[in-house]
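Chemist: Residue numbers (the numbering used here), protein chains in the order written: chain A, 1 to 312; chain B, 1001 to 1179.
By construction, the Cβ of each residue, glycine as well, lies at the ideal position given by its N, Cα and C atoms.
Since this is a predicted model, take the numbers as computed values, not measurements.
Have a look at the structure that comes next, please.
Now the structure itself:
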């Protein structure tokens, strides 16, 4: 198998374990490339990629842009704040206008779940989902699993707990799918109000107590409270949340083993994670960011290889 | 499909010895020379030459790296089949070094063109030479010729040259395969 089973990366739900393994193997090669003195390869020099960000992003957007540039693709950037979307243009119109400028691939972040799936059905370009509402964020899950594989050797058989705001998190859902496909065991931990009602139906365990969750796991993925997606109050105060679900040095030291700490960023230091934990050697937060570029290069490269070359 | 032996194990061995001697003539102690095996099939030839130079002629250490050219190929999205990458491993500095590219078969020259681009990502070498076990004459798409060749072969379009190595394929031999 040396080809992805899909033409778009819309979510981890839609890809197979073999796809993930292929992406990881390709990422290994790109990691070597980005450690060279010249970090660029010419593979995608005849591909144009549009980055459409209908929602704010720093890390993901920079990471995608860097990945695209290191593959020599031409890149155009678009953010909703400064565009005609504000004037009432629909998503399909916006994207088709951009595609008429001969764009081959679209990387899109959108506040509505399913925006990527919708777009893939209606436009003729390869779509990469860079986060759609509270649905999926596939490249984040891939880089998280890749970072676990790098630190612990393998993902299969590992126990991973995702802590925090699961309800509003696309990172959580994509991570759950990816970890399960790779054979890891997943639990979630957080305030009851922030856990999706039917989460156990997809084979995810629930743990109400952070200390027992950490005792159980090999890896803890700490999520941020997504205040921007909260329409009502889900817990009394941030201080109370931190006391129950924030990870600090004393808590980690009280465990009888050393676990790996992850965070997809942006970090709210002192809320879900304290600074000394975030900057400790148990944390692989910066490795995650570094792997992000290589993972996105692999995804773009593998998807681009499925775009037919136009002879004329 | 029929196949014909172009070189048997003894003939491969003789060719390797000669290529090693020709390298020594030009590179003497190899103090400023590095060998680069082109992935995927050039690395076996490169390993063999390294061990002949080190064991039979006690020139050591010979610096040997592997270069993968997948991301530099000119047939990405054009060949119909997807391209699978291999490991690149160059653990030394190539800046101002004399490089010898090593590959098993030189055919269209396109792989070597890709390798010339790829190696630039690692620095600016003093010079680059090309060593190949089999040189398929009259089939070049680009103006590229080897500096050292094991055997020249004339073959037509649908014929294929296959180089087998003991460590990978169970025998040392070169076959001409006709479809």
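Any idea which residues DSSP pairs residue 1152 of chain B with across the strands?
Modeler: Here residue 1152 of chain B refers to the residue found at position 152 when the second chain is read from its first residue. Its beta-bridge partners are B:1135.
Chemist: Rounded to whole angstroms, what is the Cα-Cα separation between residue 257 of chain A and residue 215 of chain A?
Modeler: Residue mapping note: residue 257 of chain A aligns to position 257 of the first chain, counting from 1. Residue mapping note: residue 215 of chain A aligns to position 215 of the first chain, counting from 1. Computed Cα separation, rounded: 8 Å.
Chemist: Let me know if residue 138 of chain A comes out buried or exposed under the rule of 16 or more other beta-carbons within 10 Å of its beta-carbon.
Modeler: Here residue 138 of chain A refers to the residue found at position 138 of the first chain. Classification of residue 138 of chain A: buried, given that the 10 Å Cβ count is 16 or more.
Chemist: Give the list of continuous alpha helix (DSSP H) stretches no shorter than 4 residues that lie fully inside the segment 149-187 of chain A.
Modeler: Segments of the alpha helix (DSSP H) lying fully in the segment 149-187 of chain A: 170-181.
Chemist: Rounded to the nearest angstrom, what separates residue 126 of chain A and residue 64 of chain A at their Cα positions?
Modeler: For the purposes of this step, residue 126 of chain A is taken as the residue at position 126 of the first chain. For the purposes of this step, residue 64 of chain A is taken as the residue at position 64 of the first chain. Rounded to whole angstroms, residue 126 of chain A to residue 64 of chain A spans 15 Å at the Cα level.
Chemist: With burial defined as no fewer than 16 other Cβ atoms inside 10 Å of the residue's Cβ, what is the status of residue 288 of chain A: buried or exposed?
Modeler: By one-based count along the first chain, residue 288 of chain A stands at place 288. Buried, since its Cβ has 16 or more Cβ neighbours within 10 Å.
Chemist: When DSSP builds the beta bridges, which residues end up paired with residue 1066 of chain B?
Modeler: For this step, residue 1066 of chain B is matched to residue 66 along the second chain. For residue 1066 of chain B, which the question treats as bridged, DSSP gives the partners B:1037, B:1089.
Chemist: Taking CB distances under 8 Å as the criterion, tell me whether residue 291 of chain A reaches chain B.
Modeler: For the purposes of this step, residue 291 of chain A is identified with residue 291 of the first chain, where counting begins at 1. Not an interface residue.
Chemist: Quick check on residue 68 of chain A - is its C-beta less than 8 Å from some C-beta in chain B?
Modeler: Translated into the one-based positions of the first chain, residue 68 of chain A becomes position 68. It does not; no Cβ of chain B falls within 8 Å.
Chemist: Can you tell me whether residue 1001 of chain B is buried or exposed, with buried defined as 16 or more other CB within 10 angstroms of its CB?
Modeler: The residue you call residue 1001 of chain B lines up with position 1 of the second chain. It counts as exposed.
Chemist: Which word fits residue 1146 of chain B, buried or exposed, when buried means at least 16 other C-beta atoms lie within 10 angstroms of its C-beta?
Modeler: By one-based count along the second chain, residue 1146 of chain B stands at place 146. Flag for residue 1146 of chain B reads buried.
Chemist: Taking residue 294 of chain A as the reference, give the member of A:271, A:140, A:203, A:112 with the closest Cα.
Modeler: Here residue 294 of chain A corresponds to residue number 294 of the first chain, with the count starting at 1. Checking every option, the nearest Cα to that of residue 294 of chain A belongs to A:140.
Chemist: Consult DSSP for residue 29 of chain A and reduce its assignment to one of helix, strand or coil.
Modeler: As a working mapping, residue 29 of chain A is identified with position 29 in the first chain. Three-state DSSP puts residue 29 of chain A in a helix.
Chemist: Drop a sphere of 10 angstroms on the beta-carbon of residue 232 of chain A, count the other beta-carbons inside from all chains shown, and report buried for 16 or more, exposed for fewer.
Modeler: Counting from one through the first chain, the residue named residue 232 of chain A turns up at place 232. By the 10 Å Cβ count, residue 232 of chain A comes out exposed.
Chemist: If you run the structure through DSSP and keep just helix, strand and coil, what is residue 51 of chain A?
Modeler: Locating residue 51 of chain A in the first chain gives position 51, counting from the first residue. Residue 51 of chain A: strand per DSSP, three-state reduction.
Chemist: For the beta strand (DSSP E) that residue 226 of chain A lies in, which residues bound it at each end?
Modeler: In the first chain, residue 226 of chain A corresponds to position 226, counting from 1. Residue 226 of chain A -> no beta strand (DSSP E), and no H or E assigned at all.
Chemist: For residue 1042 of chain B, name the three-state secondary structure that DSSP assigns.
Modeler: Position 42 of the second chain holds residue 1042 of chain B. Three-state DSSP puts residue 1042 of chain B in a helix.
Chemist: Closer than 8 Å, CB to CB, is residue 1133 of chain B near chain A or not?
Modeler: Against the second chain, residue 1133 of chain B aligns to sequence position 133. No, its Cβ sits nowhere closer than 8 Å to a Cβ of chain A.
Chemist: On the CB-based measure, 16 or more other CB atoms within 10 Å of its CB, does residue 1039 of chain B come out buried or exposed?
Modeler: The count along the second chain starts at 1 and reaches residue 1039 of chain B at position 39. It counts as buried.
Chemist: Within 8 Å (strictly less), CB to CB, does residue 1071 of chain B reach chain A?
Modeler: For the purposes of this step, residue 1071 of chain B is taken as the residue at position 71 of the second chain. Interface residue, yes.
Chemist: List the residues of chain A whose Cβ lies closer than 8 Å to the Cβ of residue 1120 of chain B, in chain order.
Modeler: Within the second chain, numbered from 1, the residue matching residue 1120 of chain B stands at position 120. Simply 38.
Chemist: For a contact defined as C-beta to C-beta under 7 Å, what are the partners of residue 32 of chain A on chain B?
Modeler: Locating residue 32 of chain A in the first chain gives position 32, counting from the first residue. Under the 7 Å cutoff, chain B gives 1088.
Chemist: Where residue 74 of chain A and residue 1024 of chain B are concerned, what is the direct C-alpha to C-alpha distance, given to the nearest angstrom?
Modeler: The residue you call residue 74 of chain A lines up with position 74 of the first chain. The residue you call residue 1024 of chain B lines up with position 24 of the second chain. So the alpha carbons of these two residues sit roughly 46 Å apart.
Chemist: With distances taken from CA atoms, which of A:194, A:195, A:145 is nearest residue 291 of chain A?
Modeler: Translated into positions along the first chain, residue 291 of chain A becomes position 291. The shortest Cα separation from residue 291 of chain A among A:194, A:195, A:145 belongs to A:145.
Chemist: For residue 143 of chain A and residue 1010 of chain B, what's the separation of their Cα atoms in angstroms?
Modeler: Taking the first chain and counting its residues from 1, one reaches residue 143 of chain A at position 143. Taking the second chain and counting its residues from 1, one reaches residue 1010 of chain B at position 10. In a straight line, the C-alpha of residue 143 of chain A is about 50 Å away from that of residue 1010 of chain B.
Chemist: Per the contact definition of three or more C-beta pairs closer than 8 Å, is the segment 98-106 of chain A in contact with the segment 44-55 of chain A?
Modeler: The segment 44-55 of chain A is in contact with the segment 98-106 of chain A.
Chemist: I need the straight-line Cα distance from residue 1121 of chain B to residue 1073 of chain B, nearest angstrom please.
Modeler: Within the second chain, residue 1121 of chain B is the residue found at index 121, counting from 1. Within the second chain, residue 1073 of chain B is the residue found at index 73, counting from 1. Cα-Cα distance, rounded: 14 Å.
Chemist: The ligand PLP heavy atoms versus the CB of residue 176 of chain A: any closer than 7 Å?
Modeler: With respect to the ligand PLP, the structure shown offers nothing to examine, as it has no ligands at all.
Chemist: When the cut-off is 8 Å and only beta carbons count, does residue 1092 of chain B lie next to chain E?
Modeler: The structure shown has no chain E; the protein chains it does contain are A and B.
Chemist: Can you give the Cα-Cα distance for residue 110 of chain A and residue 205 of chain A, rounded to whole angstroms?
Modeler: The residue labelled residue 110 of chain A in the question sits at position 110 within the first chain. The residue labelled residue 205 of chain A in the question sits at position 205 within the first chain. Those two C-alpha atoms are separated by around 29 Å.
Chemist: Along the chain, where does the beta strand (DSSP E) that runs through residue 115 of chain A open and close?
Modeler: If you number the first chain from 1, residue 115 of chain A lands on position 115. No beta strand (DSSP E) contains residue 115 of chain A, which is instead part of the alpha helix (DSSP H) from 115-122.
Chemist: Are the C-beta of residue 1083 of chain B and some C-beta of chain A separated by less than 8 Å?
Modeler: Translated into the one-based positions of the second chain, residue 1083 of chain B becomes position 83. So yes, residue 1083 of chain B belongs to the interface.
Chemist: List the residues of chain B whose Cβ lies closer than 9 Å to the Cβ of residue 304 of chain A, in chain order.
Modeler: Working through the first chain from its first residue, we reach residue 304 of chain A at position 304. By Cβ distance, chain B contributes 1076, 1077.
Chemist: Quick one: list the residues of chain B neighbouring residue 43 of chain A, beta-carbon separation under 7 Å, in chain order.
Modeler: Against the first chain, residue 43 of chain A aligns to sequence position 43. Here the neighbours are 1071, 1076.
Chemist: According to the neighbour-count rule (16 or more other Cβ atoms, all chains shown, within 10 Å of its Cβ), is residue 12 of chain A buried or exposed?
Modeler: By one-based count along the first chain, residue 12 of chain A stands at place 12. With 16 or more Cβ atoms within 10 Å of its Cβ, residue 12 of chain A is classed as buried.
Chemist: Just to confirm my understanding: we take residue 297 of chain A, look at its own chain, exclude 5 residues before and 5 after, and list those with CB closer than 7 Å. What are they?
Modeler: Taking the first chain and counting its residues from 1, the one referred to as residue 297 of chain A is at position 297. Result list for residue 297 of chain A: 30, 67, 70, 71, in chain order.
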